[in-house]
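2 protein chains.
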Amino acid sequence: MTSADAATDGQGAAALLDRTRTAVQPQLRSTVETLPGSIRRVAMYHFGWEHADGSPAAEQAGKAIRPALVLAAARALGAEEAGAVKAAAAVELAHNFTLLHDDIVDGDLTRRHRPTAWTVFGIPDALIAGDAMSALALRLLAEDPHPASAAASARLAACVIELCAGQQADCAFEQRGPREISLDECTAMAVAKTGALLGCACALGALYAGADEEEVAAMDAFGREAGLAFQLIDDLIGIWGDPERTGKPAGADLTAHKKSLPVVAALTSGTPAGEELAELYSRPLHDVAEVRAAADAVERAGGRDWAQAQAAEHMGRAVEHLARAVPDLAAAGDLLALAEFVTRRTR
Amino acid sequence: MTSADAATDGQGAAALLDRTRTAVQPQLRSTVETLPGSIRRVAMYHFGWEHADGSPAAEQAGKAIRPALVLAAARALGAEEAGAVKAAAAVELAHNFTLLHDDIVDGDLTRRHRPTAWTVFGIPDALIAGDAMSALALRLLAEDPHPASAAASARLAACVIELCAGQQADCAFEQRGPREISLDECTAMAVAKTGALLGCACALGALYAGADEEEVAAMDAFGREAGLAFQLIDDLIGIWGDPERTGKPAGADLTAHKKSLPVVAALTSGTPAGEELAELYSRPLHDVAEVRAAADAVERAGGRDWAQAQAAEHMGRAVEHLARAVPDLAAAGDLLALAEFVTRRTR
Numbered sequence: 002m003t004s005a006d007a008a009t010d011g012q013g014a015a016a017l018l019d020r021t022r023t024a025v026q027p028q029l030r031s032t033v034e035t036l037p038g039s040i041r042r043v044a045m046y047h048f049g050w051e052h053a054d055g056s057p058a059a060e061q062a063g064k065a066i067r068p069a070l071v072l073a074a075a076r077a078l079g080a081e082e083a084g085a086v087k088a089a090a091a092v093e094l095a096h097n098f099t100l101l102h103d104d105i106v107d108g109d110l111t112r113r114h115r116p117t118a119w120t121v122f123g124i125p126d127a128l129i130a131g132d133a134m135s136a137l138a139l140r141l142l143a144e145d146p147h148p149a150s151a152a153a154s155a156r157l158a159a160c161v162i163e164l165c166a167g168q169q170a171d172c173a174f175e176q177r178g179p180r181e182i183s184l185d186e187c188t189a190m191a192v193a194k195t196g197a198l199l200g201c202a203c204a205l206g207a208l209y210a211g212a213d214e215e216e217v218a219a220m221d222a223f224g225r226e227a228g229l230a231f232q233l234i235d236d237l238i239g240i241w242g243d244p245e246r247t248g249k250p251a252g253a254d255l256t257a258h259k260k261s262l263p264v265v266a267a268l269t270s271g272t273p274a275g276e277e278l279a280e281l282y283s284r285p286l287h288d289v290a291e292v293r294a295a296a297d298a299v300e301r302a303g304g305r306d307w308a309q310a311q312a313a314e315h316m317g318r319a320v321e322h323l324a325r326a327v328p329d330l331a332a333a334g335d336l337l338a339l340a341e342f343v344t345r346r347t348r
Numbered sequence: 002m003t004s005a006d007a008a009t010d011g012q013g014a015a016a017l018l019d020r021t022r023t024a025v026q027p028q029l030r031s032t033v034e035t036l037p038g039s040i041r042r043v044a045m046y047h048f049g050w051e052h053a054d055g056s057p058a059a060e061q062a063g064k065a066i067r068p069a070l071v072l073a074a075a076r077a078l079g080a081e082e083a084g085a086v087k088a089a090a091a092v093e094l095a096h097n098f099t100l101l102h103d104d105i106v107d108g109d110l111t112r113r114h115r116p117t118a119w120t121v122f123g124i125p126d127a128l129i130a131g132d133a134m135s136a137l138a139l140r141l142l143a144e145d146p147h148p149a150s151a152a153a154s155a156r157l158a159a160c161v162i163e164l165c166a167g168q169q170a171d172c173a174f175e176q177r178g179p180r181e182i183s184l185d186e187c188t189a190m191a192v193a194k195t196g197a198l199l200g201c202a203c204a205l206g207a208l209y210a211g212a213d214e215e216e217v218a219a220m221d222a223f224g225r226e227a228g229l230a231f232q233l234i235d236d237l238i239g240i241w242g243d244p245e246r247t248g249k250p251a252g253a254d255l256t257a258h259k260k261s262l263p264v265v266a267a268l269t270s271g272t273p274a275g276e277e278l279a280e281l282y283s284r285p286l287h288d289v290a291e292v293r294a295a296a297d298a299v300e301r302a303g304g305r306d307w308a309q310a311q312a313a314e315h316m317g318r319a320v321e322h323l324a325r326a327v328p329d330l331a332a333a334g335d336l337l338a339l340a341e342f343v344t345r346r347t348r
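Which chain is which? The protein sequence lines are F and W, in order. Number 72 in the numbering used here belongs to position 71 of the first sequence; there are no gaps in the numbering. Number 97 in the numbering used here belongs to position 96 of the second sequence; there are no gaps in the numbering.
The following block contains the structure:
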């Protein structure tokens with residue numbers, strides 16, 4: 002299958018992700034295996050390679066979207082994918098460090114259909130394992146003899162700081178009332194928490210392809226815009242996703258009073274339905290009927306339409322940035338396929 | 002004052018630390034000020050530059066031993082100190098990231114005579130600020146145009162992983178019974194938790210001076226051995242330190258059942274006094290008399306003498322390594338002064 006085919010075929014992205022896992026997993030795993038004993042055990046569990054008791058497991062270790070973006074960006078700019086495998090693994094390590102710590106901070110109990118690491122190993126060990134995984138990501142880049150490694154390392158470190166800012170903002174929003182968050186703040190949080198690392202993944206691929214500053218910036222902007230579109234779709238799924246496909250109860254984000262983008266759009270709409278939603282968000286939602294009423298209020302306040310329109314707009318901007326980085330869009334087929342995959346996914 | 006004078010004069014080390022703070026603090030502070038808003042606030046508080054409410058403060062931001070080692074190592078190998086200021090600031094950032102997270106993991110309430118960051122800002126914000134500070138340390142190095150910056154960045158990242166391993170082992174020891182920890186394990190923990198970063202500080206100074214691999218390794222070994230001597234003395238102070246000078250109650254480490262090096266030496270001594278100590282450690286120590294009995298048991302079991310002899314031995318090894326790195330010991334005067342300072346300090 003050529004890159005151009007992949008862009009027009011949902012199967013293309015799935016195949017691309019499979020191929021990425023095959024290409025990156027040996028590097029990822031051998032890098033994780035350099036961690037000291039007890040830390041390694043937490044990391045091996047988190048990635049789904051071991052059960053809690055240390056016996057081998059073969060769980061799905063995530064979709065590998067970020068490493069796929071690194072490799073696809075490198076290929077789109079004419080580099081051999083093999084040269085960027087360490088960068089791809091580093092981005093996946095950084096992503097998983099944030100998952101380990103986010104699960105602690107958010108008190109989440111399950112991740113990839115398994116108990117989260119902190120519930121299995123305790124908060125101290127999961128926190129320390131996350132710390133080590135963050136340093137491991139930057140070490141892998143810093144030790145890579147590739148000429149782009151220093152610039153990539155600096156960029157990934159800057160991105161980790163941005164991810165922290167996004168997670169911090171997300172936590173702060175939880176403490177604030179339903180009318181106290183502006184749509185701009187909420188969008189900035191989503192860019193920092195989700196867009197930044199997708200952008201960094203694309204930028205690292207470009208750096209490893211020897212791209213100039215402008216191309217790297219355009220690739221970063223592509224990833225950020227696609228990442229924001231991805232977050233908007235993810236937020237829609239959190240409200241209207243099919244429980245059978247998402248594995249979560251209907252309207253799970255509403256029950257949790259999550260201030261996701263469509264919700265904040267509704268709350269700040271100045272409409273009567275927005276007021277209704279604020280009232281519903283001021284107390285627990287007791288039953289399915291109330292959750293449905295909240296979803297209806299988001300929809301009537303225009304939150305659903307706004308989020309769909311925004312997702313399309315950001316995907317459009319993503320494609321424009323991509324065209325600046327890779328003038329021959331046929332060569333960018335895999336990147337487009339990945340962007341469409343993440344914004345079309347239903348779980 | 003010349004370097005050679007400093008080595009024989011306790012005031013020399015204090016002056017050196019003052020000078021280091023003056024040289025490094027502007028870099029450290031301007032780097033911390035690049036952190037995003039809410040994260041910056043936690044970091045500024047932690048360093049003693051701001052009160053909890055964000056108003057300016059002028060607290061003592063630590064003794065600056067690690068940055069002083071970076072600068073002294075660079076000078077000892079013929080480099081200009083100014084060129085290594087970013088490396089010195091990076092090491093201090095990495096150190097303070099571990100303090101932020103250790104305070105969470107250990108549940109410690111005070112640090113440098115002030116409430117710890119997590120007690121002021123909550124665990125999520127302190128955890129996230131630590132994450133960002135770790136990435137900031139590595140970013141500062143990775144972005145430094147100095148030719149040694151890539152090697153230094155890789156080395157600091159590897160060191161952070163070792164620090165994590167040390168902290169993880171320390172936590173694991175807390176869960177184990179008083180007779181279940183060997184002296185080798187306890188020593189390895191102290192090397193990872195304390196020696197590794199002192200060694201890394203010296204190694205970074207050497208790298209920034211353009212030293213060859215052997216000199217860098219010798220500098221690292223000097224810092225590690227001095228760090229272990231430091232930990233042994235620190236552990237002795239935790240048992241027999243003068244409360245008026247330490248600011249902690251007498252025998253605070255014993256009350257907390259801390260498995261410090263002299264304690265583990267006593268517990269594994271095979272002596273009747275070691276058995277007595279194990280018995281005392283199997284239940285809370287109720288009063289000053291019991292704490293004194295435990296201290297006496299450590300002493301009679303040989304833990305105090307062992308720790309003092311070990312501290313001297315490791316300082317001796319430190320000096321041997323230093324002589325390999327810097328054959329003209331007069332040029333190494335500041336490093337010796339710092340090593341003697343940390344192993345002679347009484348609080």
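Cβ atoms here follow ideal geometry from the backbone N, Cα and C, with glycine treated the same way. Since this is a predicted model, take the numbers as computed values, not measurements.
With the rule of 3 Cβ pairs closer than 8 Å, the region 140 to 148 of chain F counts as touching the region 145 to 155 of chain W.
For Ile162(F), the enclosing alpha helix (DSSP H) has its first and last residue at Ser150 to Gln176.
Under the 7 Å criterion on CB atoms, Arg112(F) is classed as non-interfacial with respect to chain W. The Cβ of Val71(F) sits no closer than 7 Å to any Cβ of chain W. Using a Cβ-Cβ cut-off of 7 Å, Pro125(F) is close to Val106 and Cys172 of chain W, given in chain order. Asp254(W) and Phe174(W) have their C-alpha atoms roughly 14 Å apart.
When the five nearest sequence neighbours on each side are left out, the beta carbons in the same chain lying within less than 6 Å of the beta carbon of Arg301(F) are those of Ala274, in order along the chain.
At a cut-off of 7 Å between beta-carbon atoms, Ile182(W) makes no contact with chain F.
Within chain F, the residues whose beta carbon sits less than 7 Å from that of Ala133(W) are Ile162 and Cys165, listed in sequence order.
Between the C-alpha atoms of Leu339(W) and Leu17(W) there is a straight-line separation of about 8 Å. In this structure, the CA atom of Leu110(W) is about 16 Å from the CA atom of Pro125(W). In the three-state DSSP reduction, Thr111(F) falls in the strand class (E or B). Using a Cβ-Cβ cut-off of 7 Å, Pro148(F) does not count as an interface residue toward chain W, since no Cβ of chain W sits closer than that to its own.
For Gln232(F), no chain W residue has a C-beta closer than 8 Å to its own C-beta; the minimum C-beta separation is roughly 18 Å. Sequence-distant partners of Ala14(W) (beyond 5 residues in either direction) whose C-beta falls short of 6 Å from its own C-beta, in its chain, are Ala338, Leu339 and Phe342. Checking the DSSP bridge columns, you'll see Pro116(W) partnered with Thr111(W). For Arg301(F), the enclosing alpha helix (DSSP H) begins and ends at Val289 to Arg301. Interface criterion not met: the Cβ of Arg30(F) is under 7 Å from no Cβ in chain W. Three or more pairs of CB atoms, one per stretch, sit closer than 8 Å, so the region 32 to 43 of chain F contacts the region 132 to 140 of chain F. Taking 8 Å as the upper bound for CB-CB distance, Tyr209(F) and Ala85(F) are in contact here, some 4 Å apart. A residue is called buried once 16 or more other Cβ atoms fall within 10 Å of its Cβ, and His114(F), having fewer, is exposed. Membership of Trp307(W) in the alpha helix (DSSP H) is indicated by the continuous run Gly304 to Ala326.
A Cβ of chain W is located within less than 7 Å of the beta carbon of Leu139(F). For Glu226(F), the three-state secondary structure derived from DSSP is helix.
Proximity of the region 319 to 332 of chain W to the region 217 to 228 of chain W meets the contact definition, three or more beta-carbon pairs being nearer than 8 Å. Contact between the region 259 to 277 of chain F and the region 165 to 182 of chain F is present, with at least three C-beta pairs closer than 8 Å. Close to Ser39(F), with beta-carbon spacing below 8 Å, are these residues of chain W in chain order: Ala166, Gln169, Ala170 and Ala173. For Gly200(W), the enclosing alpha helix (DSSP H) begins and ends at Ala197 to Tyr209. When the five nearest sequence neighbours on each side are left out, the beta carbons in the same chain lying within less than 7 Å of the beta carbon of Leu268(F) are those of Pro179, Arg180, Gly275, Leu278 and Ala279, in order along the chain. Looking at the backbone, the Cα of Gly63(W) and that of Gln26(W) are separated by about 11 Å. The contact set of Ile129(W) on chain F, defined by CB atoms closer than 8 Å, consists of His102, Val106, Cys165, Gln168, Gln169 and Cys172 in chain order. For the 7 Å CB-CB criterion, Val161(F) and Ala95(F) form a contact.
Not flagged as an interface residue toward chain W: Glu216(F), since no C-beta distance is shorter than 7 Å. Interface annotation, Ala151(F): in contact with chain W, CB-CB separation under 7 Å. Residue pairing from DSSP places Glu51(W) in a beta bridge opposite Pro57(W).
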